[in-house]
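Residue numbers (full-length UniProt numbering): 1 to 228.
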């Protein structure tokens, strides 16, 4: 899993980690490779502070299937105090929106699944649903939820990359969609990329020091190179 955040200033908050999330590039207060499991984000526009620091927890989960497991997923997100979760391989047909969970806590789910294979979604804790400004279901492998916290915009991308055996055209479409979404982000917008990217970035940065967090393992493959 990879997470990328663009911001003016961040600071770390104590808490249980979500495995594998690291700072992908140096920012004020955190060096590349720092575990980034819960952060306080403070943005500025024209030199003015736009919001008070607030810790948001982001997570990602390839659930295998969401059929018959939605309550289980919600319970786990609550236990880990995750505010926004990217889901992959939900295997639901079509697209839609619904609340899932119980009275003790609910999340709103936006998803896109096409033919019932693969599919992606984003779950947002009920208390934060009013912060959602826009949802874009780009494909069976990319869904985007744009949220607004005060004057700060957060663009959350949930991605499920084609596996190595898939056609190159399919892979190109996926990375074009992701790149387009990142490219549309403004200078004062935070981009959070979460997902199952089906690539091995390897243990060494090897020229990708600006984006490789140093938490990989093994040998990089072609899919991992495309991720970097």
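Idealized CB from N, CA, C, for every residue including glycine.
Quantities reported herein were computed from a predicted structural model and do not represent experimental measurements.
State the CB to CB distance for the pair residue i and residue j, rounded to an integer number of angstroms; the pair is presumed to be in contact (CB under 8 Å).
i	j	result
residue 142	residue 120	7 Å
residue 74	residue 101	4 Å
residue 124	residue 107	6 Å
If you drop the 5 nearest sequence neighbours on each side, which residues of the same chain put their C-beta closer than 7 Å to that of residue i?
i	result
residue 137	95, 112 and 143
By Cβ distance, which residues of its chain are closer than 6 Å to residue i, with the 5 residues on each side in sequence left out?
i	result
residue 62	88, 89 and 196
residue 157	144, 181 and 193
residue 105	78
residue 203	216 and 217
residue 82	57 and 59
residue 171	162
residue 114	140
Measuring alpha carbon to alpha carbon, tell me which of the options ends up nearest residue i.
i	options	result
residue 58	192, 209, 223 and 218	192
residue 227	103, 205, 199 and 217	199
residue 116	91, 178 and 107	91
residue 98	70, 170 and 214	70
residue 146	154, 139 and 140	154
residue 67	166, 139, 118 and 206	118
residue 167	223, 211 and 109	223
residue 93	110, 84 and 80	110
residue 165	212, 126 and 221	221
Does any residue of chain C bring its CB to less than 8 Å from the CB of residue i?
i	result
residue 180	Judged by its chain identifiers, the structure shown contains no chain C, having just a single protein chain.
Within its chain, find whatever has a CB closer than 8 Å to the CB of residue i; leave out the 5 residues flanking it on each side and keep chain order.
i	result
residue 103	none
residue 178	142, 157, 159 and 193
Ordered list of beta strand (DSSP E) runs contained in the UniProt domain "Endonuclease/exonuclease/phosphatase" (59–203), each at least 3 residues: 84–88, 93–102, 105–115, 120–125, 132–139, 142–149, 152–160 and 189–196
Validate contact between the region 183–191 and the region 117–131 using beta carbons, cut 8 Å, 3 pairs: Judged by pairs of C-beta atoms under 8 Å, the region 183–191 does not touch the region 117–131, as fewer than three such pairs exist.
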